[in-house]
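Residue numbers (the working numbering): 143 to 321. Quick reminder that beta carbons are idealized off the backbone N, C-alpha and C, glycines included. What follows is a set of notes on a single structure, which appears directly below.
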Ligand SMILES: [Fe+2]
Ligand SMILES: [Fe+2]
């Protein structure tokens, strides 16, 4: 990733600062989702899947962690960590289908979330930042496809859970844009 021309986060306009705060919060949650999966699952395939995704999420989180100023980060980070961990752990308790379905639900949301920032990023004109967000979005699309590529049956309970996961992610982003 080219970060040579990445401008200081301190000069971000307010709307983009809010978006980047929600990105940092979301990547925090993502790291903790996979930690939650790994805390519970003993299935080798699920663990390999989670470890592979966790490594990518840690690079995404590291970008925002290093770049954003402390005062630009969400005040609710403990809540985003806890929510991510619980989401991952509950999914893993449900087994492989639940993990894949939950990750597909989360990553489907995250891809749309990043895509919603493309126009504002173009207008802002920091090429390195735009490239980074596009890269992260592509990674999340890979995660979504890796989770959803296999056909699996979904019970009504699992469908309801995935709805909660998608709705919860949406509310979390709305809150993290502000605080
Ligand atoms: Fe990510
Ligand atoms: Fe991801």
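- Query: In chain order, what residues of the same chain have a beta carbon less than 6 Å from the beta carbon of residue 244, not counting five sequence neighbours either side?
  - Reply: Taking the chain shown and counting its residues from 1, the one referred to as residue 244 is at position 102. Excluding residues within five positions, the ones whose Cβ falls inside 6 Å are 233, 307.
- Task: In angstroms with no decimal places, state the Cα-to-Cα distance between residue 322 and residue 221.
- Result: The displayed coordinates of the chain run from 143 to 321. Any statement about residue 322 would go beyond what the structure contains.
- For residue 301, the three-state DSSP class (helix, strand or coil): Counting from 1 along the chain shown, the entry for residue 301 is found at position 159. Helix, per DSSP.
- Leaving aside the five residues before and after residue 207 along the sequence, list all residues of the same chain whose C-beta is less than 6 Å from its C-beta, in chain order. Taking the chain shown and counting its residues from 1, the one referred to as residue 207 is at position 65. Around residue 207: no qualifying Cβ.
- Cβ neighbours of residue 200 in the same chain (closer than 8 Å, five flanking residues each side left out): On the chain shown, position 58 is the one that residue 200 refers to. Here the set comprises 173.
- What are the start and end residues of the alpha helix (DSSP H) that includes residue 238? The residue you call residue 238 lines up with position 96 of the chain shown. According to the DSSP assignment, residue 238 belongs to the alpha helix (DSSP H) that extends over 238-257.
- Taking 5 Å as the limit, tell me which residues put their C-beta closer than that to any heavy atom of ligand 2, in chain order. 282, 285
- Message: For residue 268, report the span of its alpha helix (DSSP H) as first-last.
- Response: Taking the chain shown and counting its residues from 1, one reaches residue 268 at position 126. Where residue 268 is concerned, there is no enclosing alpha helix (DSSP H), given that its DSSP letter is neither H nor E.
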